[in-house]
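Numbering (mature numbering (1 follows the signal peptide of the UniProt record, and there is no 0)), first residue to last: -20 to -1, 1 to 88. The structure appears right after this line, and notes come after that.
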C-alpha cells in the first residue's frame, strides 16, 4: 500500500510541477511519422519533454536516430526533422482511372 501511495504522490507532484512551468499542447502531427505509442498516451507535455516519432508505413528512417520534438519554454514544439524518407522514388499512373504504383528502385 505504501509503495502505491508513494507512486501516486510522486506522479501528482510531477504533474503539479509541470503545471507551474506550463505544458505544451499535443505534439505536432507529421505526414512521414507518427508519435510513439508510449509518448502519445501522455496526458500532458511539460516544458523540456521530448517525444519520439516512428516512421509511417511507406517511409524508412535514413539515419540511426529517431525523429523527435521537444516542448520548448514558449510552450511550442521544436520542428520534427524529416529523418523518414519515402520508399517510393516515383509514383506512376498507368491511366487516369487506375491507382498509382510505386517505383522503389531507380533500375527499371
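Even glycine gets a Cβ: it sits at the ideal position worked out from N, Cα and C.
| request: Just confirm the distance between the C-beta atoms of residue 67 and residue 39, as a whole number of angstroms; I'd bet it's less than 8 Å. | output: Taking the first residue of the chain shown as 1, we reach residue 67 at position 87. Taking the first residue of the chain shown as 1, we reach residue 39 at position 59. Sure, about 7 Å apart at Cβ, within 8 Å.
| request: Determine the closest residue to residue 58 out of 45, 31 and 14, with distance taken between C-alpha atoms. | output: In the chain shown, the residue the question calls residue 58 occupies position 78. Of the listed residues, the one whose Cα sits closest to residue 58 is 31.
| query | Residues in its own chain within less than 6 Å of residue 21 by CB, not counting five upstream and five downstream? | reply | Sequence index remark: in the chain shown, residue 21 carries index 41 (1-based). Nothing listed; no residue qualifies.
| query | Under the three-state reduction of DSSP, which class applies to residue -17: helix, strand or coil? | reply | Within the chain shown, numbered from 1, the residue matching residue -17 stands at position 4. Reduced to three states, the DSSP call for residue -17 is helix.
| said: I need the straight-line Cα distance from residue 45 to residue -12, nearest angstrom please. | reply: To locate residue 45, count along the chain shown from 1; it is residue 65. To locate residue -12, count along the chain shown from 1; it is residue 9. Going from the Cα of residue 45 to the Cα of residue -12 covers about 34 Å.
| Three-state secondary structure (DSSP) at residue 62? | Taking the chain shown and counting its residues from 1, one reaches residue 62 at position 82. Residue state, collapsed to three classes: coil.
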